[in-house]
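The structure under discussion appears below in the form of structure tokens.
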Amino acid sequence: MSKRSKIESMARVSAVLLLGLFLAGCMPPGNVRQMYASDTSDPCNDHRQVLVETKESFTKTILKGAAAGAVAGALIGFLSEGDLQGAVTGAVIGGAAGAVGGYFKARYDKAKTRQELIAGIRGDFATDNQHLDKAAQAVRGMTQCRRNQYETILADFKAGNVDRKTALARKDDIDFRIERDRELIALLLDKSEKRAQEYNVALGNGFELPPGRLIKKPTASAQSEYKRYIALKSVNVRPGPGKSSGAPVGRLTKGELVHVAVGHDADAWKPITRSDGTIAYVYTSLIAPENSEQAKQVLAKFDGKAKMPNVPERKMHDAAREKLRSGGATMLAMQQDMQEELLYLQESTTWLFRDEFITALLARTNS
Numbered sequence: 422m423s424k425r426s427k428i429e430s431m432a433r434v435s436a437v438l439l440l441g442l443f444l445a446g447c448m449p450p451g452n453v454r455q456m457y458a459s460d461t462s463d464p465c466n467d468h469r470q471v472l473v474e475t476k477e478s479f480t481k482t483i484l485k486g487a488a489a490g491a492v493a494g495a496l497i498g499f500l501s502e503g504d505l506q507g508a509v510t511g512a513v514i515g516g517a518a519g520a521v522g523g524y525f526k527a528r529y530d531k532a533k534t535r536q537e538l539i540a541g542i543r544g545d546f547a548t549d550n551q552h553l554d555k556a557a558q559a560v561r562g563m564t565q566c567r568r569n570q571y572e573t574i575l576a577d578f579k580a581g582n583v584d585r586k587t588a589l590a591r592k593d594d595i596d597f598r599i600e601r602d603r604e605l606i607a608l609l610l611d612k613s614e615k616r617a618q619e620y621n622v623a624l625g626n627g628f629e630l631p632p633g634r635l636i637k638k639p640t641a642s643a644q645s646e647y648k649r650y651i652a653l654k655s656v657n658v659r660p661g662p663g664k665s666s667g668a669p670v671g672r673l674t675k676g677e678l679v680h681v682a683v684g685h686d687a688d689a690w691k692p693i694t695r696s697d698g699t700i701a702y703v704y705t706s707l708i709a710p711e712n713s714e715q716a717k718q719v720l721a722k723f724d725g726k727a728k729m730p731n732v733p734e735r736k737m738h739d740a741a742r743e744k745l746r747s748g749g750a751t752m753l754a755m756q757q758d759m760q761e762e763l764l765y766l767q768e769s770t771t772w773l774f775r776d777e778f779i780t781a782l783l784a785r786t787n788s
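Per this note's numbering, the sequence shown starts with residue 422, numbered consecutively.
Listed below in structure tokens is the structure:
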């Protein structure tokens, strides 16, 4: 590449980065706190505020990451393809996915090595999964709290402590609050999924990088000390070069990207550097260089993109999110059940509501 071409490429990268920053600056701040303001008169307020806090924490990271998407993309493109044109391509991709994946850049700036970068992202993912679990617990508590409110209306009306009009007004207030609760749960489910996508993109970017120290300021002459290989099938990895070295210490999935230090092209067992920095070995015929025809045939089954290692945080997220979704469904079912028990409050106050009719309905609710 000529000197002039390199300068032009750098200019294009800068333009993309500036555009990414401009677009990020246009993003409106979240207003979930205003939408679901704390109401100390609501017996269930503490449960709701747990959901509000969880939602706010999701929004903050997404906004923080938006400004860095193009920058992260440029770094990934450069380090993956080894030239400035790769940086331009990466910047465009990173900018397009900035709101979801730009969080990566903030982590990248803090980390010194790929191992530290990936560990930091996984740690954040695990922390958010704990918050999501806590939100699911809050929904269960909120559901019981709302049920108690409904049952208190029944008890007060039966005891003659309130008239029908007052009881109905209280019921309508609870109905409204539950609708707001369910709106908040739906928002959380949506944001938690976007949050998981953000972490998946960040982890994918991290696994794309070569092992070792992170390059903070790429130069045109920078070269990676590792070659990129693709697993041709799902295989075990060993602690040493040979089956006799010991039991498997891990496993690669078909299509997974691995990094092999340069200088091992002729080795029968290739040393791969794992995400935690440890070295493991895989038989050479079971992996192939990323640009080889063998690797391309495998990657064609995955839309041409290499797979990244499985991490337990993904399953933890899916489990926590399902608990939250199930909690929302339970709340809806509770509301529907209580609507049947409170149906008589919706009836007309005409001659149909004779004393004996009311007595019969009350008896039914207590049966």
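Cβ coordinates follow ideal geometry from the N, Cα and C atoms, glycine included.
My output table needs one value for residue i: the three-state DSSP class, helix, strand or coil.
| i | result |
| --- | --- |
| K555 | helix |
| P692 | strand |
| N569 | helix |
| I542 | helix |
| I700 | strand |
| N657 | strand |
| T534 | strand |
| G581 | coil |
| S478 | helix |
| D460 | coil |
| G562 | helix |
| A668 | coil |
| V473 | helix |
| A547 | helix |
| I687 | This sequence places Ala at residue 687; Ile is not what is there. It is coil, neither helix nor strand. |
| V437 | Unreliable placement is indicated for V437, whose pLDDT of 37 sits below 50; the coordinate value is still reported in the next sentence. Three-state result, V437: helix. |
State the start and end residues of the unbroken beta strand (DSSP E) segment that holds residue i.
| i | result |
| --- | --- |
| L610 | Here L610 belongs to no beta strand (DSSP E); instead the alpha helix (DSSP H) covers R585 to E629. |
| L753 | Run containing L753: none in the beta strand (DSSP E); it sits in the alpha helix (DSSP H), P733 to E762. |
| V679 | L678 to A682 |
| R672 | G671 to L673 |
Tell me residue i's beta-bridge partners as DSSP assigns them.
| i | result |
| --- | --- |
| P662 | Answer by DSSP bridge pairing: none, since P662 is not bridged. |
| I708 | A652 |
| Y647 | A682 |
| R634 | T534 |
Take residue i and list the residues in its own chain whose beta-carbon comes closer than 6 Å to its own, dropping the five residues that flank it on each side.
| i | result |
| --- | --- |
| K654 | K675 |
| F479 | K612 and R616 |
| D554 | A741 |
| S645 | P631 |
| K744 | A557 |
| F546 | Y620 and E734 |
Within the continuous alpha helix (DSSP H) that includes residue i, where are the two ends?
| i | result |
| --- | --- |
| F809 | With the chain represented from 422 up to 788, any question about residue 809 goes unanswered, as that position is not in the structure. |
| D530 | Y524 to K531 |
Cutting at 7 Å between CB atoms, please list the residues of its own chain near residue i, excluding the five before and the five after it.
| i | result |
| --- | --- |
| T534 | G633, R634 and L635 |
| L673 | A652, S655, V656, V658, V679 and V703 |
| I595 | R567, Q570 and Y571 |
| V681 | Y647, K648, Y650, K691, P692 and I693 |
| N550 | E734, M737, H738 and A741 |
| L538 | R528, Y529, A532, G627 and L635 |
| Q715 | L653 and A709 |
| V719 | I651, L653, K675 and G676 |
Residues in its own chain within less than 8 Å of residue i by CB, not counting five upstream and five downstream?
| i | result |
| --- | --- |
| Q536 | P632, S696, D697 and G698 |
| P669 | N657, V658 and R659 |
| G541 | R528, K531 and A532 |
| I599 | R567, M752 and Q756 |
| G749 | V560, R603, I606, A607 and L610 |
Within 7 Å of any Cβ in chain E, is that where the Cβ of residue i sits?
| i | result |
| --- | --- |
| H552 | You won't find chain E in this structure, because it holds only one protein chain. |
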